[in-house]
Amino acid sequence: MYPNNWEVVYAADNLKRIHHFSSGPEYAEISGRVTINDLPSELIVRISKYIPDSIISGKDFPRYNSRSLLQLALCSRRFYRLVEPVIYERFHHGAETSTKGFLMFLVRILARPDLGRCVRVFCVDGTKAPGLGIIMEDDHDEMCHIYMEFCHGHYDSDFDVSYFTVEDLKAVRKKIAEASTTTLECYEWAAGVEKGDLNAMIALILTLAPNLQVLDIDTWTRPDSVPPILTRMLAQAGQLQRERQLGQPFALWRLKKVVVRYHHASAMDEIIHHLISLLTIPSVEILSAIHEDAVEDYYCSPETDVNEGDLEAALQGINLGLANMKELSFSFMPMSPNTLFRLWCCYPNLKKFSYRDNLGDD
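So for the sequence shown, our numbering puts the first residue at 271; every next one is plus one.
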């Protein structure tokens, strides 16, 4: 995979020069003949962070993944070893990208926890309903576009979990056992990963990326998507931060920005349940929550308004430590002025508060 020699042909004088990468000195010994192996390691890493994507973007091109850097890194073992952490800083899985790439990323950071600690940005966006790890059979009824109990049989995972080896699954179960609070949760979480449930896999990735700074995801709120492990892991992060457990890797202390797009909720109570876990993470500075199906579902106001009592109970207390929130954006449901004002008061340093009911002009 990694050549020891790199041949360069100079057309002007028809000369071929062979640059040796395997045993190059730390610094150049001959003035004017500098290869990448002649540069100090620290400088190489710094330069790698500014390498732009030179590949023409297509439907299958993830905007965050460092494909250009990866291809360049294949020129040298030393260069790859140095920039590998940079390659894993950002991961993006979009609507048109291969699900195999998602599984490869998960398996890799399972096997290499040091690379998991390098992850700063994790994004799963642009998924076209109901493609959040779930696909609908071709002969589905149009009524099943929004998930309902009676059309459960039309859904299946679009992740080819046969990619997981026996050793991969052992590593999955081991990590889940470390993060689970009960035996039942451990079993259901592992079963979710093994059947290709996206929520379960994202929750697993959160346990492997303690230094995550940006979480930008579509999330599946289908009634049978159990356990609600993704919500619990985010709620746990907030609790651990409020308890000041500095050495706890599941606390996600560096998480600054969260964008969540909810799909396929049949009841707005489920959205509120998910939302509360995000509202109480002290480290988060920017939060955006969107219900993608609100326009299609045409909920009426009495059914969609927030239960102010539940929200008040979740947000009450003086020890929430929510002073870091700078931007708060909601776009999915009707909220009364009292509820909006209550939220506003919880964040003393809020600089931007955006709200849209997302139900159209009526």
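All C-beta atoms, glycine included, are put in the ideal place defined by N, C-alpha and C.
Values in this document were obtained by computation on a predicted structure and should not be read as measured data.
**Item:** Presumed contact (8 Å Cβ cut-off) between residue 596 and residue 555, rounded CB distance
**Value:** Within the sequence shown, the letter at position 326 stands for residue 596. Within the sequence shown, the letter at position 285 stands for residue 555. Indeed, because the Cβ distance is near 5 Å, the residues count as touching under 8 Å.
**Request:** Rank 479, 389, 431 by C-alpha distance to the C-alpha of residue 461 and give the top, closest one.
**Result:** In the sequence shown, residue 461 corresponds to position 191, counting from 1. For the residues 479, 389, 431, the minimum Cα distance to residue 461 belongs to 431.
**Request:** Along the alpha helix (DSSP H) that carries residue 445, what are the first and last residues, could you check?
**Result:** Within the sequence shown, numbered from 1, the residue matching residue 445 stands at position 175. Run containing residue 445: 436-449, per the alpha helix (DSSP H) assignment.
**Message:** Using the Cβ count rule (16 or more neighbours within 10 Å means buried), how would you classify residue 480?
**Reply:** For this step, residue 480 is matched to residue 210 along the sequence shown. Counting Cβ neighbours within 10 Å, residue 480 comes out buried, since at least 16 surround it.
**Asked** What span of residues does the alpha helix (DSSP H) with residue 353 cover, start to end?
**Response** Locating residue 353 in the sequence shown gives position 83, where the first residue counts as 1. Looking at the DSSP string, the run of the alpha helix (DSSP H) that includes residue 353 is 347-357.
**Prompt:** When the Cα atoms are used, what is the spatial distance from residue 458 to residue 428?
**Reply:** For the purposes of this step, residue 458 is taken as residue 188 along the sequence shown, with counting starting at 1. For the purposes of this step, residue 428 is taken as residue 158 along the sequence shown, with counting starting at 1. For residue 458 and residue 428, the distance between alpha carbons rounds to 19 Å.
**Prompt:** Cβ atoms of residue 518 and residue 551: under 9 Å apart, would you say?
**Reply:** Here the question's residue 551 lines up with position 281 in the sequence shown. Here the question's residue 518 lines up with position 248 in the sequence shown. Not closer than 9 Å, so no.
**Message:** Going by DSSP in three states, residue 554 sits in which element: helix, strand or coil?
**Reply:** Position 284 of the sequence shown, counted from the first residue, corresponds to residue 554. In this structure, residue 554 counts as coil in the three-state DSSP scheme.
**residue 484 versus residue 530: straight-line alpha-carbon distance, rounded** = Taking the first residue of the sequence shown as position 1, residue 484 is located at position 214. Taking the first residue of the sequence shown as position 1, residue 530 is located at position 260. Between residue 484 and residue 530, the C-alpha separation is close to 11 Å.
**Asked** What does residue 530 pair with, by DSSP beta-bridge criteria?
**Response** Your numbering for residue 530 matches position 260 in the sequence shown. BP columns for residue 530 point to 487, 559.
**Prompt:** Is it true that the CB of residue 524 sits closer than 9 Å to the CB of residue 558?
**Reply:** Taking the first residue of the sequence shown as position 1, residue 558 is located at position 288. Taking the first residue of the sequence shown as position 1, residue 524 is located at position 254. Not closer than 9 Å, so no.
**Asked** Are the beta-carbon atoms of residue 478 and residue 373 separated by less than 9 Å?
**Response** In the sequence shown, counting from the first residue as 1, residue 478 sits at position 208. In the sequence shown, counting from the first residue as 1, residue 373 sits at position 103. Cβ atoms of residue 478 and residue 373: not closer than 9 Å.
**Prompt:** The alpha helix (DSSP H) with residue 622 in it runs from where to where?
**Reply:** The sequence position of residue 622 within the sequence shown is 352, counting from 1. Per DSSP, residue 622 belongs to no alpha helix (DSSP H); it is in the beta strand (DSSP E), 622-626.
**Prompt:** For residue 618, which residues from the same chain have a beta carbon less than 7 Å from its beta carbon, with the 5 sequence-adjacent residues on both sides left out?
**Reply:** Looking up residue 618 in the sequence shown gives position 348. Closer than 7 Å at the Cβ level, and outside the excluded window around residue 618, lie 593.
**Assumed close pair residue 522, residue 482 - CB separation to whole angstroms, cut-off 8 Å** = Taking the sequence shown and counting its residues from 1, the one referred to as residue 522 is at position 252. Taking the sequence shown and counting its residues from 1, the one referred to as residue 482 is at position 212. So it is a contact: roughly 6 Å between Cβ atoms.
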